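**Q** So the protein lines, in turn, are chains L and W. Heads up, the final residue of the first sequence is numbered 333 in the numbering used here, and it's a clean run with no missing numbers. Heads up, the final residue of the second sequence is numbered 333 in the numbering used here, and it's a clean run with no missing numbers. Using N, Cα and C, we set each Cβ at its ideal position, and we do this for glycine too. Since the structure is predicted, the reported quantities are computational estimates derived from the model, not experimental observations.
2 protein chains.
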Amino acid sequence: MSQSLDIAVIGATGTVGETLVQILEERDFPVANLHLLASSESAGQSVPFRGKNVRVREVDEFDFAKVQLAFFAAGPAVTLSFAPRATAAGCAVIDLSGALPVPQVVPEANPGILSGLGKPVQVGSPSASATALAVALAPLKGLLEIRQVSLTACLAMSSQGREAVSELARQTAELLNMRPLEPRVFDRQVAFNLLAQVGKPDAQGHVPLEKRLVNELRELLEAPLLKISVTCVQAPVFFGDSYSVSLQAAADVDLQAVNEALEAAAGIELVDADDYPTAVGDAVGQDVVYVGRVRHGVDDPAQLNLWLTTDNVRKGAALNAVQLAELLIKDPL
Amino acid sequence: MSQSLDIAVIGATGTVGETLVQILEERDFPVANLHLLASSESAGQSVPFRGKNVRVREVDEFDFAKVQLAFFAAGPAVTLSFAPRATAAGCAVIDLSGALPVPQVVPEANPGILSGLGKPVQVGSPSASATALAVALAPLKGLLEIRQVSLTACLAMSSQGREAVSELARQTAELLNMRPLEPRVFDRQVAFNLLAQVGKPDAQGHVPLEKRLVNELRELLEAPLLKISVTCVQAPVFFGDSYSVSLQAAADVDLQAVNEALEAAAGIELVDADDYPTAVGDAVGQDVVYVGRVRHGVDDPAQLNLWLTTDNVRKGAALNAVQLAELLIKDPL
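(1) Could you check where the beta strand (DSSP E) with W/PHE72 kicks off and where it finishes?
(2) What is the rounded straight-line gap between the Cα of W/ASP274 and the Cα of W/ARG295?
(3) What is the residue span of the alpha helix (DSSP H) that L/VAL258 lies within?
(4) Check whether the Cβ of W/HIS206 lies closer than 8 Å to any Cβ atom in chain L.
(5) Against chain W, does L/LYS315 count as a neighbour if the rule is that its beta carbon must be under 8 Å from one of theirs?
(6) Do L/TYR290 and L/ALA153 have their C-beta atoms closer together than 8 Å?
(7) Please return the same chain residues whose Cβ sits closer than 7 Å to the Cβ of L/THR172, not counting the five positions on each side in sequence.
(8) Using a Cβ-Cβ cut-off of 8 Å, state whether W/MET1 counts as contacting chain L.
(9) Could you spell out the range, first to last residue, of the alpha helix (DSSP H) harbouring L/THR19?
(10) By the three-class DSSP mapping on this structure, what secondary structure does L/ALA12 have?
(11) Alpha carbon to alpha carbon, how far is L/LEU304 from W/SER81? Give it in angstroms, no decimals.
(12) With DSSP collapsed to three states, give me the class of L/VAL172.
(13) Please report the distance separating the alpha-carbon of L/ASN312 from that of W/GLU167.
(14) Provide the residue(s) that pair with W/LYS52 in DSSP beta bridges, ordered along the chain.
(15) Is it right to say W/MET157 is buried, meaning 16 or more other beta carbons lie within 10 angstroms of its own, or is it exposed?
(16) Hey, could you find the ends of the alpha helix (DSSP H) L/PRO76 is sitting in?
(17) Rounded to the nearest angstrom, what separates W/PRO111 and W/LYS119 at their Cα positions?
(18) Inspect the beta-carbon positions of W/PRO107 and W/LEU262 and report whether they are closer than 8 Å.
(19) Report the rounded CA-to-CA distance for L/GLU326 versus L/VAL123, giving the unit in angstroms.
(20) Take the Cβ of W/GLN323 as the centre, count every other Cβ of all protein chains shown within 10 Å, and call the residue buried at 16 or more, exposed below.
(21) State the beta-bridge partners of L/GLY199 as determined by DSSP.
(22) Contact criterion: CB-CB distance below 8 Å. Does W/LYS227 meet it with respect to chain L?
(23) Which class does L/ASN177 belong to by DSSP, given the choice of helix, strand or coil?
(24) Which residues in chain W sit within 7 Å of L/CYS154, going by Cβ to Cβ distance?
(25) Which full runs of the beta strand (DSSP E) of 3+ residues lie inside the segment 201 to 250 of chain W, going along the chain?
(26) Anything in the segment 263 to 296 of chain W with a Cβ closer than 9 Å to a Cβ of chain L? List those residues in chain order, please.
(27) Does the beta carbon of W/PRO201 fall short of 7 Å from some heavy atom of the ligand FMN?
(28) Classify W/SER158 as helix, strand or coil using the three-state DSSP reduction.
(29) Taking Cβ to Cβ, would you say L/VAL16 is nearer than 8 Å to L/LEU24?
(30) Would you say W/VAL67 and W/ILE10 are within 8 Å of each other, going by their C-beta atoms?
(31) Thinking W/VAL56 and W/ALA74 are a contact (beta carbons under 8 Å), I'd like their distance in whole angstroms, please.
(32) With 8 Å as the limit, tell me which residues of the segment 176 to 188 of chain W have their beta carbon closer than that to any beta carbon of chain L; keep them in chain order.
(33) Measuring CA to CA, which of L/GLN234, L/ARG218 and L/VAL59 is closest to L/ILE228?
(34) Apply the 10 Å Cβ neighbour rule to L/GLY98 and answer buried if 16 or more other Cβ atoms are within range, or exposed otherwise.
(35) Would you report the Cα separation of L/MET1 and L/SER115, rounded to the nearest angstrom?
(36) Scan the segment 230 to 246 of chain W for residues whose Cβ lies nearer than 9 Å to a Cβ of chain L and list them as they occur along the chain.
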């Protein structure tokens, strides 16, 4: 690994940004100076790193020539405004927002893309959903010709940020105390309920989250024409996404080979057949995608069904970005 | 309609049984005498009917010759023990347990079956999931050749009975009060979590609920070889099931024709394209299956995606049984 780097994290006060800083510390990433940045509303807060509280400064005033690598864990608007400035200053950019038109990479799925990138590097760390699914499905590419993927993604509140996490707690408490509910953040009751349309649908009825997931998953699996149906559901779960996955293959699926491939793959914890993973009990706080309920369709051996759970903030987002950085710094940035 | 009937409801103290009694009253079903029955543990309780409290008696001691129609809303064991006795006494049986090897019927899907039944009638009112899906999919049969169905069923606590409903409330309160959780009813935390394996899987990895759903749905849609993948998930929702449905058709799906068919169909409320139904906000307490998010797959016009919500206890179970009875009594039982 190369010598220490000066690093900027934009969006450092968000759920993903804060976790990213924590993972840099946990994994002993070679950080020389760490610059935590955010929009003006969040600047002034502090985030702990290596036993100190690092003050978060305004991204507007930052000189990207001070750093060699910047993680953009802010929203698309902030990323679109400031990432070009970072690139112009010669700084490598890892974009977690999906806003930049750059290759999306998950180390367990398509790491080869990294070696073909120009300098300064610009690379995308995909949505938490695409990351989790790519980690789980990439090991199966050599085993089966996937004709079609049907997905129901049950997303945690944390995928919508801190306000959504608080709103679930608030709504739940109001309901348990028999008080009338006035929804905030979401347009209706999300406690003890499931919301099947997260965002505004386009003319075809797909919401941006779903379109992003389809596009990113096709890119990560290097299957640009793969048919993918996706329904993203907001579940009353604080942390940890769950995915019900049904794959249609061109031929009968060898379940033993699938289990062996999943068992051997990086970034995956395969759960025993008589058990199954859950978001809360297994995935949260962990660095792997949990895979369980590996089975054929009923009377359909060409179908493969899986249930996945993952820590959306950690494995889905922050850790993937740090893993990308670890691969990138093997070469000079 | 014929003259009034003497009726028995077995399992009258359960969530479905109690709702069934309520629906008999609401729909002014021609009940002469109502006999409420249950196993010895539940006998002695009372259930309201037409302004009176009707005492629940032990099914063991009941003489089925007293009634012309019996609803079996108890568990499979009770049904297997006592339904043959009812039939031997010449009493028509509507089985909600799935235990009897009898035709399953949903009036909106396959009502024609009723006219071919021998006397005394024995007919099944399917699982709440199969009922909801049959109501929503039957109107599409003439429009598209369904090759395959992928389902993720997010089931409410009430589908597992009163103890499960109470357990979600108890777990939620414990967690909000930061007290340690000792799960009951389920083997783990279900509050703020999703459990993807409801029951014990067979050697192929399918749980009985999923197998029952596949078998019943094939029967109701009169498509015995239809490929159906199902994942039943226990959601932290008190009442109301939600279904993420993806259909693969043999040819491109005409969405306008689908919307028109759903709009015209009995038992369905089609939700506007910019809105979507939820269990809590729409389905609970209602007599229809809500259908929303009607759309193609991304870049796949031969795929049809839907989101359904329904009151599992009412529309999924109790109402369907009463609707069957309404059709049956048009002829002498």
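**A** Per the coordinate set shown:
(1) Here residue 72 of chain W refers to the residue found at position 72 of the second sequence. Per DSSP, W/PHE72 belongs to the beta strand (DSSP E) from 69 to 72.
(2) Translated into positions along the second sequence, residue 274 of chain W becomes position 274. Translated into positions along the second sequence, residue 295 of chain W becomes position 295. Each residue's alpha carbon lies about 12 Å from the other.
(3) By 1-based counting over the first sequence, the position of residue 258 of chain L is 258. Where L/VAL258 is concerned, the enclosing alpha helix (DSSP H) stretches over 255 to 264.
(4) Here residue 206 of chain W is taken as the residue at index 206 of the second sequence, counted from 1. Chain L, which has a Cβ nearer than 8 Å to the Cβ of W/HIS206, makes this yes.
(5) On the first sequence, residue 315 of chain L is found 315 positions in, with the first residue counted as 1. No, its Cβ sits nowhere closer than 8 Å to a Cβ of chain W.
(6) Counting from one through the first sequence, the residue named residue 290 of chain L turns up at place 290. Counting from one through the first sequence, the residue named residue 153 of chain L turns up at place 153. No, Cβ-Cβ distance for L/TYR290 and L/ALA153 is not below 8 Å.
(7) Taking the first residue of the first sequence as position 1, residue 172 of chain L is located at position 172. Apart from the 5 residues on each side of it in sequence, L/THR172 sits with its Cβ closer than 7 Å to the Cβ of ALA191 in its chain, given in chain order.
(8) Residue 1 of chain W sits at position 1 when you count from the first residue of the second sequence. Summary for W/MET1: the model assigns pLDDT 44, below 50, so the residue's position carries little reliability; its value from the coordinates is reported in the next sentence. For W/MET1, the answer is no, since every Cβ of chain L falls outside 8 Å of its Cβ.
(9) Here residue 19 of chain L refers to the residue found at position 19 of the first sequence. Taken as a continuous stretch (DSSP letters only), the alpha helix (DSSP H) holding L/THR19 covers 15 to 26.
(10) Your numbering for residue 12 of chain L matches position 12 in the first sequence. It is coil, neither helix nor strand.
(11) For the purposes of this step, residue 81 of chain W is taken as the residue at position 81 of the second sequence. For the purposes of this step, residue 304 of chain L is taken as the residue at position 304 of the first sequence. Roughly 38 Å separates the two Cα atoms.
(12) Taking the first sequence and counting its residues from 1, one reaches residue 172 of chain L at position 172. Looking at the sequence shown, residue 172 of chain L is not Val but Thr. Looking at L/THR172 - three-state DSSP - the assignment turns out to be helix.
(13) Against the first sequence, residue 312 of chain L aligns to sequence position 312. Against the second sequence, residue 167 of chain W aligns to sequence position 167. Roughly 27 Å separates the two Cα atoms.
(14) Translated into positions along the second sequence, residue 52 of chain W becomes position 52. Looking at the DSSP assignment, W/LYS52 forms a beta bridge with W/PHE49.
(15) Counting from one through the second sequence, the residue named residue 157 of chain W turns up at place 157. Classification of W/MET157: buried, given that the 10 Å Cβ count is 16 or more.
(16) Numbered from 1 along the first sequence, position 76 holds the residue referred to as residue 76 of chain L. In the DSSP annotation of this structure, the continuous segment of the alpha helix (DSSP H) that includes L/PRO76 starts and ends at 76 to 88.
(17) As a first step, residue 111 of chain W must be located in the second sequence, where it is residue number 111. As a first step, residue 119 of chain W must be located in the second sequence, where it is residue number 119. Using only the alpha carbons, I get a separation of about 17 Å.
(18) Here residue 107 of chain W refers to the residue found at position 107 of the second sequence. Here residue 262 of chain W refers to the residue found at position 262 of the second sequence. No, Cβ-Cβ distance for W/PRO107 and W/LEU262 is not below 8 Å.
(19) The sequence position of residue 326 of chain L within the first sequence is 326, counting from 1. The sequence position of residue 123 of chain L within the first sequence is 123, counting from 1. Distance between the alpha carbons of L/GLU326 and L/VAL123: 13 Å.
(20) Here residue 323 of chain W refers to the residue found at position 323 of the second sequence. That one is buried.
(21) The residue given as residue 199 of chain L occupies position 199 in the first sequence. As DSSP reads the structure, L/GLY199 sits in no beta bridge.
(22) Position 227 of the second sequence, counting from 1, holds the residue named residue 227 of chain W. With its beta carbon less than 8 Å from one in chain L, W/LYS227 belongs to the interface.
(23) Here residue 177 of chain L refers to the residue found at position 177 of the first sequence. Residue state, collapsed to three classes: coil.
(24) Locating residue 154 of chain L in the first sequence gives position 154, where the first residue counts as 1. Going along chain W in sequence order, the residues near L/CYS154 (Cβ under 7 Å) are LEU194.
(25) The segment 201 to 250 of chain W contains these whole beta strand (DSSP E) runs: 227 to 234 and 241 to 249.
(26) ALA273, ASP274, ASP275, TYR276, PRO277, THR278, ALA279, VAL280, GLY281, GLY292, ARG293, VAL294, ARG295 and HIS296
(27) Within the structure as shown, the ligand FMN is missing, as the structure has no ligands at all.
(28) Locating residue 158 of chain W in the second sequence gives position 158, counting from the first residue. Annotated three-state conformation of W/SER158 is helix, per DSSP.
(29) Translated into the one-based positions of the first sequence, residue 16 of chain L becomes position 16. Translated into the one-based positions of the first sequence, residue 24 of chain L becomes position 24. It is not a contact, given that the beta carbons lie outside the stated cut-off.
(30) Mapped onto the second sequence, residue 67 of chain W falls at position 67. Mapped onto the second sequence, residue 10 of chain W falls at position 10. In this structure, W/ILE10 does not lie closer than 8 Å to W/VAL67 by Cβ.
(31) The count along the second sequence starts at 1 and reaches residue 56 of chain W at position 56. The count along the second sequence starts at 1 and reaches residue 74 of chain W at position 74. About 11 Å separates the two Cβ atoms, so there is no contact after all.
(32) LEU176 and ARG188
(33) Here residue 228 of chain L corresponds to residue number 228 of the first sequence, with the count starting at 1. If we check each option's Cα against that of L/ILE228, L/ARG218 comes out closest.
(34) Here residue 98 of chain L corresponds to residue number 98 of the first sequence, with the count starting at 1. By the 10 Å Cβ count, L/GLY98 comes out buried.
(35) Position 1 of the first sequence, counting from 1, holds the residue named residue 1 of chain L. Position 115 of the first sequence, counting from 1, holds the residue named residue 115 of chain L. Unreliable placement is indicated for L/MET1, whose pLDDT of 44 sits below 50; the coordinate value is still reported in the next sentence. In a straight line, the C-alpha of L/MET1 is about 16 Å away from that of L/SER115.
(36) VAL230, THR231, VAL233, ALA235, PRO236, VAL237, PHE238, PHE239, GLY240, SER242, SER244, VAL245 and SER246
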